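To start, the structure itself, in structure tokens.
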Amino acid sequence: MKAKNKAAFVIALVVASLFFNPFIFGRSLKHADLILNCPANQTEAACQTQSSIDAKFSNWLSTVSFTGGCNVNLSNNNSGAPPACGGVVVVTYTATSTCDPTVTCSAVFSVTAAPPVVLVCPMSQVEASCQTQVAIDTLFAIWLRTVSFSGGCNAALSNDNNGAPSFCGGIKTVWFTLTSDCEPPKTCNATFSVTDAPPVILNCPMDREEAAGQTQSAIDAKFSAWLASANFSGGCNPIFSNNNSGAPPNTGGSTDVSFEVKSSCESPKTCTANFTVKFPNDLEDVGIIQAVRIATNPVTDFGYILFKINQPAVAHIELLNASGQIIWKSIWSNSTDKIPIDFRTYATGIYYLKITVGNSVRYYRWMHI
């Protein structure tokens, strides 16, 4: 071999040996090492929607990254996001490479626990009766609003109230219900009550009889005091009244007075009492008038006044109502007579027959039915 060619061959062998020597060129030809970067741990607040948590979890999963390796395959063991009401998911990521050992890392995605529901019912409340219904309704509405709660997710509060009790008395039990996305409904109940209205007790005056011969002012004063002796207790917003039209005349008469108490919480209570001024019969000449009788026919409501006088005289006959007013009169001169009278024109009630013969006066009480 010529010296020139031999030198070229030696140079070629040296270059080739240098090029294929791993100790010289190995570092420049080896692949990059596989590096796996897990997502940063992430915590979300409770009470978001599940779809919102799912979306954030999906975005979080995708923040994993890696570098290096050959033909890298990346996977994770995720089985879904934690519940929106609270939970923790640990996800392990695995990266495999044809040139490197398998690399793993783990990260945590958590949702804070939902705050527990605490429901506080109103205190039971008692109101006095006899307020207005508007006042009771207002107090009831304010009482309903004293319910309170804390915690829960998207909590909704309701109650089964159907209105306040009557101002005359009653009880309403109200159930309050709190629903939350993250736990079963919570319930409690409370009562709002109105005390029963005191019942009306009406006390009429005792029937009273006054002697004739007093002045009219004396009778009026006694009648007024008698009216005032009526009394009552109880009731709500009571109104007390009577149908008195004045005292009977001092010459004799009678009046029935009806007393009434109206209350907002019960039917009217009534009672009736009688005030009478006796007619002044003349006892000195009682023998002049022997007998007086009123005979009526219940079918025809027509009758007679039958009387006898011991001695011939003129008799003045008057028919008076219970108040002492003259409603019929006649003059008769026979000692025995039968005087016709039409009772159809008179209402039922008490009447008095007054017979005057000279100075002798007699009264006879008659009940017309």
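The opening position of the sequence shown corresponds to residue -6 in my numbering, with each subsequent residue numbered one higher.
Cβ atoms here follow ideal geometry from the backbone N, Cα and C, with glycine treated the same way.
For clarity, every value in this text was computed on a predicted model and none was experimentally measured.
Residue range 259 to 270 is occupied by the beta strand (DSSP E) that includes Thr269. Less than 8 angstroms separates the beta-carbon of Tyr356 from that of Lys347.
Comparing alpha carbon positions, the residue from Ala218, Asn69, Ala33, Pro178 closest to Asn147 is Pro178. Between Thr269 and Cys229, the alpha-carbon positions lie close to 33 angstroms from each other.
Straight-line spacing of the CA atoms in Cys264 and Ala149 works out to 57 angstroms. For Asp249, no alpha helix (DSSP H) run applies; the uninterrupted beta strand (DSSP E) run containing it begins and ends at 246 to 256, by DSSP. For Thr184, the closest alpha carbon among the candidates Pro115, Glu202, Val101, Gly80 is that of Pro115. Within the same chain, Pro75, Val101, Ser103 come within 7 angstroms of Val81 by CB-CB distance, once the 5 residues on both sides are set aside.
Straight across, the Cα-Cα distance linking Pro261 with Phe272 is about 35 angstroms. Rounded to whole angstroms, Ser44 and Leu112 show a C-alpha spacing of 28 angstroms. Counting only runs of 3 or more residues that sit fully inside the region 202 to 246, the beta strand (DSSP E) segments are 224 to 226, 232 to 235, in chain order. Exposure of Ile164 is indicated by the presence of fewer than 16 other C-beta atoms within 10 angstroms of its C-beta. Closest by C-alpha distance to Trp136, out of Ile310, Glu259, Ala157, is Ala157.
In the structure shown, the three-state DSSP call for Asp130 is helix. Per DSSP, Phe160 lies in no alpha helix (DSSP H) and is assigned neither H nor E. The DSSP-derived three-state label of Leu313 is strand. Thr338 carries a helical assignment under DSSP once its states are collapsed to helix, strand and coil. Secondary structure of Lys49 (DSSP, three-state): helix.
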